[in-house]
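J.: Just passing along the structure, written as structure tokens.
There are 2 protein chains.
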Amino acid sequence: MATRKSTPDTSRRSERSRRAIYDAALALVAEVGYPKTTVEGIAARAGVGKQTIYRWWSSKADVLLEAFLDLTDQAAGQEPPALPDTGDLAADLKAVLRATVDELLDPRFEAPSRALAAEGVVNEEVGRQFVAALLEPQLQLYVDRLRAARSAGQVRPEVDPRIALELFVSPLAQRWLQRTGPISHAYTDTLVDYALYGLAPR
Amino acid sequence: MATRKSTPDTSRRSERSRRAIYDAALALVAEVGYPKTTVEGIAARAGVGKQTIYRWWSSKADVLLEAFLDLTDQAAGQEPPALPDTGDLAADLKAVLRATVDELLDPRFEAPSRALAAEGVVNEEVGRQFVAALLEPQLQLYVDRLRAARSAGQVRPEVDPRIALELFVSPLAQRWLQRTGPISHAYTDTLVDYALYGLAPR
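Those protein sequences? They're chains H and R, same order as listed. Under the working numbering, the first residue of the first sequence is numbered 28, with each subsequent residue one higher. Under the working numbering, the first residue of the second sequence is numbered 28, with each subsequent residue one higher.
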């Protein structure tokens, strides 16, 4: 997780600076990529002194991590930190994956998310840090939902939820990351049906 | 596909140069990344003149594309351009995915493949070119195998093979690309079983 160096004061002025720094960090990484993004560049673009950034964060990785967490929080809105559980596993998974498709196609996400994902592919430290902070917590929500479904007898008892979720999450991730195919609600609905009921005849 | 500008002569000297250029291109992209890899840099490292490269290829993307195709061919050895079809779909898929795990863990592949994949995430032109030349032909082998299995009644008639293959290929790809988990033969075996038989009880 991000290491925030001191508790931020909550004055309006400091909140404005924080927001400006997040926006600058996301815009800059989208434009020039992770390696060329610097704390100095973020500060200049945000119109704050470099020391303002170092007061709150230790490194550009920390700033970017919080900026992404904030962006994800905004997109998630008031959603609770759990997947829906209506008792209909297929419907619940489809609803969440449709929302993820919309998020991936949102231009506010696209460029900074790609810049960060690309850096994670070649830079193991950055990759692991961002997966741990951003991706794995989302995947754990699927683990919880699949575990509940398993308890309800809707998932086979021997299935490992952490692997099972990859049958529908990873295809969407690969199509987005590597552009191996278009993404849509119909596509993710199909993934859920194939994963739950299998490719072999029943 | 790569646009080779002229038919290469087949003399031993030219074959040695070609091999040196492939090796230099793969080593350089692994070390400095795609953006900083140049035709000049490849030439210097291979000990050939820049003109030698431009005689055979139009751009660094073309050189790298052929270098990767050559690397893949070497790894594939004398394998035929089709997946095995023993009649046992699960066993055939597991065998191919185990070989892919071994390839992904091979250090000769790791660094150059990551450099190229990372560039493809942020650079749509490079991404599409390399997917079309390197990845999609491999995925089509799964399409063919799944189509044969469908004809044999081992895959449900309504299943689209191009989507179905993603249930086991994409999880492996995402774990490798984003380091979201370890990869092993046991892991890919599990993916095949989950995909074929589904998560829901039968």
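Don't be surprised by glycine CBs; every beta carbon is placed ideally from N, CA and C. Computed from a prediction, not measured in an experiment: that's the story for all the values here.
(1) Anything in the stretch 192 to 206 of chain R with a Cβ closer than 7 Å to a Cβ of chain H? List those residues in chain order, please.
(2) Quick one: is H/A179 buried, meaning 16 or more other Cβ sit within 10 Å of its Cβ, or exposed?
(3) Where R/P209 and R/L132 are concerned, what is the direct C-alpha to C-alpha distance, given to the nearest angstrom?
(4) For R/T215, would you say it is in contact with chain H, using Cβ-to-Cβ distances shorter than 8 Å as the test?
(5) To the nearest angstrom, how far is it from the Cα of R/P108 to the Cα of H/L204?
(6) Just list the alpha helix (DSSP H) runs in the stretch 82 to 157 of chain R, keeping only unbroken ones of 4 residues or longer that don't cross its boundaries, in chain order.
(7) If R/P128 sits next to R/S211, beta carbons under 8 Å apart, how far is it from one beta carbon to the other, in whole angstroms?
(8) Cβ closer than 9 Å: which chain H residues qualify as neighbours of R/Q181?
(9) Let me know the secondary structure DSSP gives H/A57 once reduced to three states.
(10) From the DSSP output, in three-state form, read off H/I210 for me.
(11) Do R/F195 and R/A222 have their beta-carbon atoms positioned less than 8 Å apart in this structure?
(12) Around the C-beta of R/T65, are 16 or more other C-beta atoms found within 10 angstroms, so that it is buried, or is it exposed?
(13) Report the rounded CA-to-CA distance for H/D100 versus H/A122, giving the unit in angstroms.
(14) Inspect the beta-carbon positions of R/V153 and H/A144 and report whether they are closer than 8 Å.
(15) Over what stretch of residues does the alpha helix (DSSP H) that includes H/S178 continue unbroken?
(16) Suppose the cutoff is 8 Å on Cβ atoms and the five residues either side in sequence are ignored; what does the same chain contact list for H/T207 look like?
(17) Using a Cβ distance threshold of 8 Å, determine whether the stretch 168 to 185 of chain R contacts the stretch 88 to 97 of chain R, with at least three qualifying pairs required.
(18) Using beta-carbon positions only, say whether R/L192 and R/V219 come within less than 8 Å of one another.
(19) Please state the DSSP three-state secondary structure of R/S44.
(20) Count the other C-beta atoms from every protein chain shown that fall within 10 angstroms of the C-beta of H/G76, then say buried if there are 16 or more, exposed otherwise.
(21) Within the 8 Å Cβ cut-off, does R/G114 reach chain H?
(22) What's the gap between the Cα of H/E163 and the Cα of R/A94?
(23) Between the stretch 152 to 165 of chain H and chain R, which residues of the former have a C-beta closer than 8 Å to a C-beta of the latter?
(24) So, for R/A54: in the same chain, excluding its five sequence neighbours on each side, which residues have a beta-carbon less than 8 Å away from its beta-carbon?
(25) How about R/P228 and H/R172: do their beta carbons lie closer than 8 Å?
(26) Can you give the Cα-Cα distance for R/G68 and R/R46, rounded to whole angstroms?
(27) Within 8 Å of any Cβ in chain R, is that where the Cβ of H/I190 sits?
(28) Between which two residues does the alpha helix (DSSP H) harbouring H/E185 extend?
(29) What does R/A142 reach in chain H if we use C-beta pairs closer than 8 Å?
(30) I need the boundaries of the alpha helix (DSSP H) containing H/S197, first residue and last residue.
(31) When the cut-off is 8 Å and only beta carbons count, does H/V170 lie next to chain R?
(32) Counting only beta-carbon atoms, is R/A145 nearer than 8 Å to chain H?
(33) Please state whether DSSP places R/R229 in a helix, a strand or coil.
T.: Taking the coordinates as given:
(1) Legend: CB atoms of the stretch 192 to 206 of chain R lying less than 7 Å from CB atoms of chain H belong to residues E193, L194, S197, P198, A200, Q201, L204, Q205, R206.
(2) It counts as exposed.
(3) Cα to Cα, the separation comes out at about 11 Å.
(4) No, because no Cβ of chain H sits closer than 8 Å to the Cβ of R/T215.
(5) Rounded to whole angstroms, R/P108 and H/L204 show a C-alpha spacing of 26 Å.
(6) Taken in chain order, the whole alpha helix (DSSP H) runs of length 4 or more contained in the stretch 82 to 157 of chain R are 87 to 103, 116 to 131, 134 to 149, 151 to 157.
(7) It is Val, not Pro, that sits at residue 128 of chain R in the sequence shown. Yes, R/V128 and R/S211 are in contact; Cβ-Cβ is about 7 Å, under 8 Å.
(8) What R/Q181 touches in chain H: L226, A227, P228.
(9) If DSSP states are grouped into helix, strand and coil, H/A57 belongs with the helices.
(10) In this structure, H/I210 counts as coil in the three-state DSSP scheme.
(11) Cβ distance < 8 Å, so R/A222 and R/F195 count as in contact.
(12) When all chains shown are included, R/T65 counts as exposed.
(13) Using only the alpha carbons, I get a separation of about 18 Å.
(14) Against a cut-off of 8 Å, the Cβ pair of H/A144 and R/V153 comes out as no contact.
(15) Where H/S178 is concerned, the enclosing alpha helix (DSSP H) stretches over 163 to 178.
(16) In chain order, Q201 place their CB closer than 8 Å to the CB of H/T207, counting only its own chain and leaving out the 5 sequence neighbours on each side.
(17) As far as the Cβ criterion goes, the stretch 168 to 185 of chain R does not touch the stretch 88 to 97 of chain R, which means the pair count is below three.
(18) Against a cut-off of 8 Å, the Cβ pair of R/V219 and R/L192 comes out as no contact.
(19) Of the three classes helix, strand and coil, the one that applies to R/S44 here is helix, per DSSP.
(20) Its Cβ having fewer than 16 others within 10 Å, H/G76 is exposed.
(21) The Cβ of R/G114 sits no closer than 8 Å to any Cβ of chain H.
(22) Taking the straight line from one Cα to the other gives about 35 Å.
(23) From the stretch 152 to 165 of chain H, only G154, R155, V158, L162, E163 have a Cβ closer than 8 Å to chain R.
(24) R72, P139, listed in sequence order.
(25) No, the Cβ-Cβ distance between R/P228 and H/R172 is not below 8 Å.
(26) Rounded to whole angstroms, R/G68 to R/R46 spans 16 Å at the Cα level.
(27) Output row for H/I190: interface = yes.
(28) H/E185 -> no alpha helix (DSSP H), and no H or E assigned at all.
(29) Below the 8 Å Cβ cutoff, chain H contributes V149 as neighbours of R/A142, in chain order.
(30) Boundaries of the alpha helix (DSSP H) harbouring H/S197: 193 to 205, taken from the DSSP string.
(31) It does not; no Cβ of chain R falls within 8 Å.
(32) Chain H contact via Cβ: present.
(33) DSSP places R/R229 in coil when its eight states are reduced to three.
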